[in-house]
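For the sequence shown, the working numbering assigns the number 21 to the initial residue and increments by one for each residue that follows.
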Amino acid sequence: MTTANPTVLRAEEHKPAPAPPNRTLFFLALGLMAAAGFSLLQAWLHRWNGTAFTYCAEEVCLAGALWLNRRGAVQWATVLLCLSELACSLFLIAYYGVGFSDEELLLFPLILVTAAVLMEWRAYVTFAAVVCVSVGVTGYMLARYAAVGTTNNRVVNVLNILAVTAAAVGLLARNLKRSVFEAREAEQHVKALSGRLLHAQEEERARLARELHDDLSQQIAALSLRIGNLKRQIPTEYDDARTQSELIHQKLVQVSETVRRMSHELHPAILQYAGLEAALESFCQEFGSLSGVDVSLAIHGDFNGVPSSVALCVYRIVQESLRNIARHAKVAAAKVDIGRAGGILTLTVSDAGVGLDLASVEAKAGLGLVSMRERVRLAGGSLEIASRPRHGTTVLARIPD
21 MTTANPTVLR AEEHKPAPAP PNRTLFFLAL GLMAAAGFSL LQAWLHRWNG TAFTYCAEEV
81 CLAGALWLNR RGAVQWATVL LCLSELACSL FLIAYYGVGF SDEELLLFPL ILVTAAVLME
141 WRAYVTFAAV VCVSVGVTGY MLARYAAVGT TNNRVVNVLN ILAVTAAAVG LLARNLKRSV
201 FEAREAEQHV KALSGRLLHA QEEERARLAR ELHDDLSQQI AALSLRIGNL KRQIPTEYDD
261 ARTQSELIHQ KLVQVSETVR RMSHELHPAI LQYAGLEAAL ESFCQEFGSL SGVDVSLAIH
321 GDFNGVPSSV ALCVYRIVQE SLRNIARHAK VAAAKVDIGR AGGILTLTVS DAGVGLDLAS
381 VEAKAGLGLV SMRERVRLAG GSLEIASRPR HGTTVLARIP D
């Protein structure tokens, strides 16, 4: 019997996934392509051949940056974009002899800002050095060999401005990125903690449900049997004793039903073994008989293959929403509508009751509302609550499956 090479398997398992495309770079490249396209059209109309060729090269480089960005090579796409803009700008300045006092020089600080936002810190330092050196060399060549009114003092002033701009923008962008990354990391930690807490809550509910079903329910059943046997042993002339034993037996049956219902609400086994549709039908029917609220359930689509985490999330939202309707809505009917299409599971729970003041509810949100929002967020979906006083309440959840 042969076995696969574990080293190869581990390498495949830990192969890093490609980075997602950078949206900022994508839109920036599109904007630059549009601006370069306009300038290219103008160059062709006026027969500025050098300018036209330069903008053609810029369009090709920007298209290459978009292609690299789409493939996940964000760093290479950033380098190509920044270097192409720098090269084209320097070529146009050197070719047409633009003086260093002209407004075209504002392009170089803009290039530095773009690089600082998109590049990693070390890559930005390298690029800023390239910008300063290349601008300095171009300015020196214009001052030395071209009659364009450029002096060495003007070149030195431009380099000083660029150096200060590079340092200031770099430090600002670095601090901003650090703050963004720290905030994102903190958000990820909070999200992971919320997920662990909800998972621990579900595990504790499942444990309590098993204890109620396997231990307490069995003991109540044993007591019920003993009371039944005891009642049969009481002589018929002891009517009071037989009546009391019958009352005790009925009370035990009621307690057993209460324990069964609590066990089902804590951990709906039907959700695991029969699926989401059967679990919702059973819960809505049982909830209606106990609360007096007539719940109409509408199901659209096929729910086979829905992940257990998503199914549990939907079940808990329906559970909490209907409980809130029974407690606060002062209404005799509610609607539950659930559909699945295009990889999105849509749930709507609505009533025509007294409604809510959302501002006050959000200000003092209870554990039920917080739990619903957190469950949907962890599932990657969205939760909306629409309500007005005396106009009912609608809970709308969209969850990818």
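Cβ coordinates follow ideal geometry from the N, Cα and C atoms, glycine included.
Count the other CB atoms, across all protein chains shown, that sit within 10 Å of the CB of H219; report buried if there are 16 or more and exposed otherwise. The residue in question, H219, is exposed, as its Cβ has fewer than 16 Cβ neighbours within 10 Å.
G295 to F201, Cα distance in whole Å? Taken atom to atom, the span from the alpha-carbon of G295 to that of F201 is near 40 Å.
Do the stretch 145 to 155 and the stretch 84 to 94 make contact, defined as three or more Cβ pairs closer than 8 Å? Counting Cβ pairs under 8 Å, fewer than three are found: no touch.
Nearest to A188 (by Cα), restricted to the options S391, G312, L132, L286: Checking every option, the nearest Cα to that of A188 belongs to L132.
Given this structure, state the Cα-to-Cα distance separating G401 from A353, to the nearest angstrom. Distance between the alpha carbons of G401 and A353: 27 Å.
Minimum C-alpha distance to R343 - residue among G359, V369, V330: Out of G359, V369, V330, V369 has the C-alpha closest to the C-alpha of R343.
Check whether A49 and A107 have beta carbons under 8 Å apart: Between A49 and A107, the C-beta gap is not smaller than 8 Å, which leaves the two residues out of contact.
Check for me: the alpha helix (DSSP H) holding T71 runs from which residue to which? Taken as a continuous stretch (DSSP letters only), the alpha helix (DSSP H) holding T71 covers 69 to 90.
Counting only the same chain and skipping the five closest in sequence on each side, list residues whose C-beta sits under 6 Å from that of G412. The answer, listed in chain order, is D371, A372, G373, G375.
Quick one: residues in its chain with C-beta nearer than 8 Å to the C-beta of A241, no 5 flanking neighbours on either side, listed in chain order? By the criterion of a C-beta distance shorter than 8 Å, A241 is surrounded in its chain by S276, once the five residues flanking it on both sides are discounted.
V133, DSSP secondary structure in three states: Here DSSP, grouped into helix, strand and coil, assigns V133 to helix.
Sort G51, D259, V415, V150 by Cα distance to E340 and report the nearest one. Considering only alpha carbons, the answer is V415.
Going by C-alpha to C-alpha distance, which of S214, C152, I358 sits closest to E301? Looking from the CA of E301, the closest CA among S214, C152, I358 belongs to I358.
Pick helix, strand or coil for A417, following the three-state DSSP scheme. Looking at A417 - three-state DSSP - the assignment turns out to be strand.
Per the DSSP calculation, L365 is bridged to which residue(s)? Answer by DSSP bridge pairing, in chain order: R360, I419.
Within 10 Å of its beta-carbon, does L272 have 16 or more other beta-carbons around it, so buried, or fewer, so exposed? Buried, since its Cβ has 16 or more Cβ neighbours within 10 Å.
Near the ligand NAD: E301 beta-carbon under 7 Å from a heavy atom: Ligands in the displayed structure: none, and consequently the ligand NAD is not present.
Looking at V137 and L182, is the spacing between their C-beta atoms short of 8 Å? The Cβ atoms of L182 and V137 lie no closer than 8 Å to each other.
With 16 other Cβ atoms within 10 Å as the buried cut-off, status of H34: Model confidence at H34 stands at a pLDDT of 39, short of 50, so the residue's coordinates are unreliable; what they give is reported in the following sentence. When all chains shown are included, H34 counts as exposed.
V315 by DSSP, collapsed to three states: which one? Looking at V315 - three-state DSSP - the assignment turns out to be strand.
Could you round the C-beta distance between A417 and L398 to whole angstroms and report it? I think they count as a contact, below 8 Å. At roughly 12 Å, the Cβ-Cβ gap does not stay under 8 Å, so A417 and L398 are not in contact.
Is V155 near L126, with beta carbons less than 8 Å apart? Taking 8 Å as the cut-off, the beta carbon of V155 is found no closer than this to the beta carbon of L126.
Decide if T66 is buried, meaning its Cβ has at least 16 other Cβ atoms within 10 Å, or exposed. Residue 66 is actually His in this sequence, not Thr. Taking all protein chains shown into account, H66 has fewer than 16 neighbouring C-beta atoms within 10 Å of its C-beta and is therefore exposed.
8 Å Cβ cutoff met for L88 and W96: Contact: yes.
Reference R194, options T134, M161, L228, closest by Cα: The shortest CA-to-CA distance from R194 to any of T134, M161, L228 is the one to T134.
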